[in-house]
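Residue numbers (this note's numbering): 561 to 662.
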């Protein structure tokens with residue numbers, strides 16, 4: 561079984577990709593798949609309102625890891641999330657985990 565995380569941020573895609581790749585290397589193989597995108601889709605802002613976010617984001621990150629590595633992979637994801645500057649949102653699947661308005 562896989563665990564999926566989504567991070568939303570106001571960073572530009574090249575900056576987010578660089579930070580994400582650094583975090584993935586630091587996770588030392590715990591993350592199976594990760595990518596960053598700046599194509600958030602036409603309903604992105606409507607979906608964000610469900611989480612209490614009034615303004616859409618610039619980029620999103622998708623990350624997946626095996627349930628067998630849940631604790632260590634989650635710690636790596638939380639460290640990555642907290643390292644990002646500015647406004648950000650973290651979801652586990654479609655479940656709210658954290659929002660930092662600034």
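We put the beta carbon where it would ideally sit given N, CA and C, even for glycine.
(1) Identify the residues that DSSP records as bridge partners of residue 562: which are they?
(2) How about residue 626 and residue 584: do their beta carbons lie closer than 9 Å?
(3) Whose CA, out of 575, 617, 633, lies closest to the CA of residue 602?
(4) How should residue 655 be labelled, buried or exposed, when 16 other C-beta atoms within 10 angstroms of its C-beta is the threshold for buried?
(5) Does the pairing of the segment 603-616 with the segment 572-592 give three or more beta-carbon distances under 8 Å?
(6) Anyone know if the C-beta pair for residue 649 and residue 660 falls short of 9 Å?
Inspection of the coordinates gives the following:
(1) DSSP lists 626 as partners of residue 562.
(2) no
(3) Ranking 575, 617, 633 by Cα distance to residue 602 puts 617 first.
(4) exposed
(5) no
(6) yes
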